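For the sequence shown, this note's numbering begins at 4 and goes up steadily by one.
Just so you know, even glycine gets a beta-carbon here, dropped at the ideal spot from N, CA and C.
In this text the structure is predicted, and so the values were computed from the model without any measurement.
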Amino acid sequence: PGTAPGRSDADVAALADRLTAAAIAHEPAVSVLLTRVAATSGGELAGFEHRLKKRPSMLRKIRHLLASHPEWTVANVVLDDPLRYTLVVADSPPGAHVATVRRAFAELEANGHRVDKVKNYWPRGDNYSGLNCNLLAPDGMTWELQFHTPASHALKDRDHVLYERMREDTTPVAEKRVLFEQLARPWEDVPIPAEVLTPGALHPKAEIIKRPPP
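Right, here's the structure in full:
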C-alpha cells in the first residue's frame with residue numbers, strides 16, 4: 004500500500020520548506036528586537052548562530068510527529084521552533100530577570116508577535132529550570148524564546164547529553180528515573196530569580212510547571 008495522502012516524503016519536505024522560508028522571513032526583524040532587549044538589559048543572546056532550525060532536524064521532527072500520530076497529515080503538524088532564541092539575563096539586581104522578560108514580551112507584542120505559551124519551569128525538585136515560551140508571528144508561524152539566568156543556562160548545556168538520554172523512547176524506565184535524580188540534584192543549587200514564581204509576574208499566559216519523575 005502507498006503512503007496515505009498528506010504523509011509522503013514530498014509532503015514532509017514541502018512543509019519543512021514552508022517553515023524554513025517563514026523563519027528566514029521573520030528572522031531579521033525578530034533578531035533586531037531581541038538584540039535591543041539584550042543590550043538594554045545587560046543580557047546576551049546565547050547560541051544566536053543556531054536561531055534557524057536546520058532542515059534535517061526539522062524533517063526528523065515532522066516525521067517523528069507523524070509516526071507518533073498515524074491519523075495525522077502534515078496539516079496537523081505544528082513545529083514550535085523553526086526560529087528559536089535564548090536570552091540569558093542575570094537577576095542582578097534582584098528582579099532584573101523578570102523585568103527583562105516583561106520588556107521582551109512588550110516589545111514583541113508591540114511589533115505584532117503574540118505570546119502564546121509561557122512555561123515556567125523554575126519550581127525546585129526537577130531536572131530543568133528556565134522559561135520556555137512560544138510566540139506567534141503576524142502570519143501565525145510559531146517560534147520559540149527561552150529565558151535563562153547565566154547559572155541555569157550553563158547547567159542546561161552541561162547536562163544536555165544526559166538529558167537527551169533520559170528523553171529517548173528506548174531508555175528503560177528504571178534508567179530514566181536514575182537519570183532524572185542525577186539531573187535534578189544540581190538544580191537545587193541554582194538561584195531562583197526574584198519574583199519569577201509570583202503568579203502574574205511574567206505574563207497572563209504564564210503557567211508554572213513542575214516536571215514529575217518518569
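- Short of 6 Å from the beta carbon of L68, and not among the five residues preceding or following it, lie these beta carbons of its own chain, in chain order: V80.
- Assignment of R117 by DSSP, reduced to helix, strand and coil, places it in the strand class.
- Taken through DSSP and simplified to helix, strand or coil, N123 comes out as strand.
- DSSP, read as helix, strand or coil, puts E210 in strand.
- In this model, D160 and F183 are separated by some 16 Å (Cα to Cα).
- Distance from the CA atom of E112 to the CA atom of H206, rounded to whole angstroms, is 12 Å.
- Between the segment 12-23 and the segment 125-142, the count of Cβ pairs shorter than 8 Å is below three; the stretches do not touch.
- By alpha-carbon distance to S11, the top candidate from K56, V77 and R105 is V77.
- Separation of R168 and P217 (C-alpha to C-alpha, rounded to the nearest whole angstrom) is 13 Å.
- Rounded to the nearest angstrom, the Cβ distance from L22 to P85 is 4 Å, consistent with a contact under 8 Å.
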